[in-house]
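These notes are about the structure you will find just below.
Numbering (this note's numbering), first residue to last: 1 to 122.
The structure is reproduced here in structure tokens:
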């Protein structure tokens, strides 16, 4: 069963991710990054190109990155630009500290690219 989880120190829910299963070993930054890329890419996939265009263009202007709708998560996470925006995250995370959180699930269920990018660009 997937686990909706927000790492301690995450700001505004930007770091909330869905993990496929309960980790049995400490969660590394690399594993977390893959989950975060997936979250952002899923948000972008829900949008029509017209809906996403304005927000992606705005984000490109502010970040100096090229953000293709199909890979926006890969580019944002891979660039390192989110690391300072996510909050004060510490990895690896002990698997005992990772539990499904109903509030985190609500955040993921309501995810919109527009809201995520506007928070990220603050």
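Cβ coordinates follow ideal geometry from the N, Cα and C atoms, glycine included.
Inset, instruction - Mind checking which residues open and close the beta strand (DSSP E) that includes residue 89? - result: Note, residue 89: premise wrong, no beta strand (DSSP E); not H, not E.
Inset, instruction - Along the beta strand (DSSP E) that carries residue 121, what are the first and last residues, could you check? - result: Unbroken run through residue 121: none, as it is neither H nor E.
Inset, instruction - Classify residue 19 as helix, strand or coil using the three-state DSSP reduction. - result: Residue state, collapsed to three classes: strand.
Legend entry - DSSP bridge partner residues for residue 4 (one or two, in chain order): Per the DSSP secondary-structure output, residue 4 pairs in a beta bridge with 18.
Legend entry - Beta-bridge partners of residue 27, as assigned by DSSP: Paired residue(s): 93.
Inset, instruction - Alpha carbon to alpha carbon, how far is residue 63 from residue 113? Give it in angstroms, no decimals. - result: Distance between the alpha carbons of residue 113 and residue 63 is about 16 Å.
Legend entry - First through last residue of the alpha helix (DSSP H) which encompasses residue 73: Start and end: 72-79.
Inset, instruction - Could you say which of 119, 110, 121, 118 lies nearest to residue 4 if we only look at CA atoms? - result: Cα-wise, what sits closest to residue 4 is 110.
Legend entry - CA-to-CA distance, residue 17 to residue 43, given in whole angstroms: So the two alpha carbons sit approximately 12 Å from each other.
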